[in-house]
Structures are given as structure tokens and as C-alpha cells.
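Residue numbers (this note's numbering), protein chains in the order written: chain A, 3 to 117; chain B, 5 to 120.
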């Protein structure tokens with residue numbers, strides 16, 4: 003019944019050690035998003051894919067990269083995690099884009115700890 | 005630039021009381037969409053409602069109701085006869101229609117605590 007799946011739910015990495023977070027969806031949605039949510043803060047959009055088109059937010063650090071090898075999967079790569087990158091990372095999908103903003107379906111998130 | 009303000013950081017009420025969560029937004033677009041999401045302790049954001057800028061009708065869904073007023077740029081959310089299971093962080097969010105799939109701009113959230 004799961005629609006947006008994120009693995010792992012909890013990830014611990016060391017300062018500077020590359021880490022990859024995974025998101026998959028069973029909804030066959032065209033758009034996939036990655037948000038960063040720090041403790042007691044609002045989710046903040048990092049980037050999104052419309053199909054294979056990658057769209058980066060202007061203030062997303064270069065340390066964050068993303069890959070979408072197919073419709074179902076999207077990955078968030080953090081090349082050199084710093085202590086400030088510890089957060090909950092939320093993946094979301096929406097059916098399409100355009101003037102009719104679609105409901106976004108969120109996964110349960112991956113909580114990243116940087117030691 | 006778009007902005008969403010949820011002035012109430014935390015609200016605590018006793019079960020069965022009614023509670024209203026405030027949301028004020030800023031946008032230059034004439035076409036935009038407003039959302040409310042619930043985030044329980046498990047972390048997953050749960051969609052509650054979407055409203056477009058051309059539809060100012062209030063909406064009621066069970067114990068939940070929403071009051072959209074363009075004149076005051078507000079989209080407030082009321083829970084009637086609150087229950088302990090309503091305890092969560094609630095986010096109001098905005099999407100500007102002209103930007104397509106550019107994601108949501110969230111407010112900082114209101115932590116709602118329902119005490120038994």
C-alpha cells in the first residue's frame with residue numbers, strides 16, 4: 003500500500019563521508035521532489051525532477067546532488083556532509099506540473115545524523 | 005517572492021475544545037494554491053486540503069474546516085471538538101501557479117498539543 007518509500011529511515015554518517023538517500027514511488031508520478039527539514043523548521047525545497055529534467059533551487063548548496071535513473075527512483079547524494087546537513091530529508095511526488103498545482107505525496111523521510 | 009507565516013508556534017488545548025490555526029500568505033501571483041499538511045511524530049507529511057486562489061468557498065470535512073479570505077490573505081484551519089490524535093505539527097503551504105512544479109513554500113508550522 004506504500005506509495006512513496008524512503009530508505010533508510012535513519013542514516014548515520016561521518017563528517018565528510020559521502021552518503022546517498024533513496025526514494026521510490028509506486029504512483030507513476032512525473033515529478034519527484036527533495037526537501038530538507040531541520041529540527042523544528044519548515045521543509046525547504048532542494049530540487050525537483052520533472053521526468054528527467056532536473057531543477058535546482060538557487061540556494062541549494064553544490065554539496066547536494068540528485069539522480070533519477072527512472073520514473074520510480076530518485077536519489078539524494080550528499081558529497082561531503084557537514085554537521086549542518088543533519089536533518090530530515092523528505093521525498094515527495096506529484097502527478098504532473100503546470101498551472102494546476104498538484105497535491106504532493108510525501109514519504110516518511112530519512113533522518114540523517116552526521117557525526 | 006512568496007511567503008507563508010504561521011504566527012502560532014505552539015498551541016495547547018484540552019480535548020474537545022475547538023482550535024484555530026492561523027496562516028497568512030504573501031504572493032504576487034493572481035493564480036496560486038494553498039495547502040495544509042499534518043506532520044505527526046512519525047514524520048510523514050499528510051495532505052489535508054488544497055485550495056486555489058479562485059475558489060474562496062469555505063470547506064468542511066468532518067471536524068476540520070478551512071476559512072480562505074483573499075482580502076486578508078489568510079487561510080485558517082479550524083479543528084472542532086479536538087482529539088488527542090490531532091496532536092501534530094501543522095504546516096500551511098503555498099504554490100504559485102505560474103511557476104508550475106516548483107514545489108511548495110511552507111510556513112514554519114504550528115505544533116498542536118491536545119491534552120486528554
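Glycine included, C-beta positions come from ideal geometry on N, C-alpha and C.
These numbers were taken from a predicted model, which means no experiment stands behind them.
Own chain residues within Cβ distance below 8 Å of residue i, not counting five before or after
i, result
"residue 49/B", "41, 42, 43, 95"
"residue 117/B", "14, 15, 16, 17, 91"
"residue 76/B", "28"
Bridge partner(s) assigned by DSSP for residue i
i, result
"residue 33/A", "52/A, 96/A"
"residue 92/B", "116/B"
"residue 196/A", "The structure shown does not extend to residue 196/A, since chain A spans only 3 to 117, so no value can be given for it."
"residue 23/A", "78/A"
"residue 113/A", "12/A, 90/A"
"residue 46/A", "38/A"
"residue 81/B", "25/B, 70/B"
Residue i versus residue j: straight-line alpha-carbon distance, rounded
i, j, result
"residue 51/A", "residue 28/B", "29 Å"
"residue 59/B", "residue 33/B", "15 Å"
"residue 12/B", "residue 108/A", "24 Å"
"residue 81/A", "residue 68/B", "43 Å"
"residue 79/A", "residue 18/B", "44 Å"
"residue 91/B", "residue 20/B", "12 Å"
"residue 21/A", "residue 105/A", "29 Å"
"residue 74/A", "residue 53/B", "25 Å"
"residue 55/B", "residue 26/A", "27 Å"
"residue 87/A", "residue 13/A", "12 Å"
"residue 34/A", "residue 120/B", "39 Å"
"residue 108/B", "residue 7/B", "10 Å"
"residue 35/B", "residue 19/A", "43 Å"
Contact set for residue i: own chain, Cβ-Cβ below 7 Å, skip 5 residues either direction
i, result
"residue 89/A", "38, 39, 40, 114"
"residue 49/A", "36, 56, 57, 58, 59, 62, 68"
"residue 105/B", "Since pLDDT at residue 105/B reaches only 49, below the 50 mark, its modelled position is unreliable, and no value is offered."
"residue 17/A", "83, 84, 85, 116, 117"
"residue 30/A", "73"
Residues of its chain near residue i, where Cβ-Cβ distance is below 6 Å and the 5 sequence neighbours each way are ignored
i, result
"residue 22/B", "84"
"residue 70/A", "51, 76"
"residue 115/B", "14, 93"
"residue 23/A", "78, 91, 112"
May I have a chain-ordered list of the beta strand (DSSP E) segments no shorter than 3 residues that lie completely inside the stretch 10 to 37 of chain B? 14 to 18, 23 to 25, 28 to 30
Contact list for the stretch 19 to 34 of chain A against chain B, Cβ threshold 9 Å: Residues of the stretch 19 to 34 of chain A with a C-beta atom less than 9 Å from some C-beta of chain B are 32, 33, listed in chain order.
For the stretch 21 to 50 of chain B, enumerate the residues whose C-beta is nearer than 7 Å to any C-beta of chain A, in chain order. 35, 37, 46, 47, 48, 49
Interface residues of the stretch 49 to 72 of chain B facing chain A [CB-CB below 9 Å]: 49, 50, 51, 54, 56
Run through the stretch 39 to 74 of chain B for me and flag every whole alpha helix (DSSP H) of 4 or more residues, listed as ranges in chain order. none
Which residues, in order along the stretch 58 to 77 of chain A, keep a beta-carbon less than 9 Å from a beta-carbon of chain B? 59
Which residues of the stretch 42 to 53 of chain A have a Cβ closer than 7 Å to any Cβ of chain B? Give them in chain order. 43, 44, 45, 47, 50, 52
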